[in-house]
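These notes concern the structure reproduced below.
Protein chains in written order, with my numbering: chain A, 1 to 114; chain B, 1 to 110.
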């Protein structure tokens, strides 16, 4: 089954403790991205990657890092989480950067930083 | 960058057609219109997309005006499970390709 898998689904952590949220897709997609969703603000893109070893900032990249060492995985790294990074996070992938292919989304990771 | 304008909320009676409008007056010639929906806090679900012709699939129909400045998503027979936030997106060719905005909250009423 084609899917985008995020882990963990829920995470509570403390300020400053490094964490990684994993994202994996099984569709051999080139394009992957991370979003955060906050009440009243919709989904905002954090980072995206057009292919292996190619990443770029989205609209709200501050406080986050990503890597794309292999095609299927696109982890989101918070080196020093802060309470303002408490949010619902989504990973997405699409076949390529073509405008005629839909994006598939993971089920989300709810992160709370205390 | 082409942005979209949608009503904040809408209601629809169960079994009736739900027509969700979207304005995208600054869309460029090669940009597609996509519709997604999000139920509660689940991952957004793809519904349909199109360039300039009307499109239909098992979930919905998409009507795009001839000048491409607006579109309408039609759920032909709305059910309670269609209650969700619906996002109209103009997919950009660069950068953040899917700019979601705040969408339309559709409530299907029994």
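Beta carbons: idealized from backbone N, C-alpha and C, even for Gly.
Contacting residues, own chain, Cβ-Cβ under 6 Å from residue i (five flanking each side not counted)
{"i": "residue 30 of chain A", "result": "51, 96"}
{"i": "residue 25 of chain B", "result": "69"}
Chain-ordered neighbours of residue i on chain B, where CB pairs are closer than 9 Å
{"i": "residue 16 of chain A", "result": "Here the premise fails: no neighbours, minimum Cβ distance about 26 Å."}
Per DSSP, the bridge partner or partners of residue i
{"i": "residue 59 of chain B", "result": "The partner list for residue 59 of chain B (beta bridge, DSSP) is empty, contrary to what the question assumes."}
{"i": "residue 37 of chain A", "result": "A:43, A:88"}
{"i": "residue 48 of chain A", "result": "A:33, A:56"}
Assumed close pair residue i, residue j - CB separation to whole angstroms, cut-off 8 Å
{"i": "residue 20 of chain B", "j": "residue 72 of chain B", "result": "7 Å"}
{"i": "residue 58 of chain A", "j": "residue 37 of chain A", "result": "That belief does not hold up - the Cβ atoms of residue 58 of chain A and residue 37 of chain A are roughly 13 Å apart, past 8 Å."}
{"i": "residue 38 of chain B", "j": "residue 90 of chain B", "result": "Incorrect: roughly 18 Å between the Cβ atoms, too far for contact."}
Where residue i meets chain A, residues with beta-carbon distance less than 7 Å
{"i": "residue 43 of chain B", "result": "90, 105, 106, 107, 108"}
{"i": "residue 91 of chain B", "result": "99"}
Close beta carbons around residue i, own chain, < 8 Å, minus the five adjacent residues each side
{"i": "residue 10 of chain B", "result": "18, 20, 104, 105, 106, 107"}
{"i": "residue 56 of chain A", "result": "47, 48, 49, 50"}
{"i": "residue 23 of chain B", "result": "4, 5, 6, 69, 70"}
Chain A contact for residue i (CB, 9 Å cutoff)
{"i": "residue 51 of chain B", "result": "yes"}
{"i": "residue 21 of chain B", "result": "no"}
{"i": "residue 58 of chain B", "result": "no"}
{"i": "residue 87 of chain B", "result": "yes"}
{"i": "residue 66 of chain B", "result": "no"}
Any C-beta of chain B under 9 Å from that of residue i
{"i": "residue 66 of chain A", "result": "no"}
{"i": "residue 94 of chain A", "result": "yes"}
{"i": "residue 25 of chain A", "result": "no"}
{"i": "residue 102 of chain A", "result": "yes"}
{"i": "residue 72 of chain A", "result": "no"}
Cut-off 7 Å between Cβ atoms - residues of its own chain near residue i, not counting five sequence neighbours on either side
{"i": "residue 36 of chain B", "result": "44, 45, 46, 47, 87, 89"}
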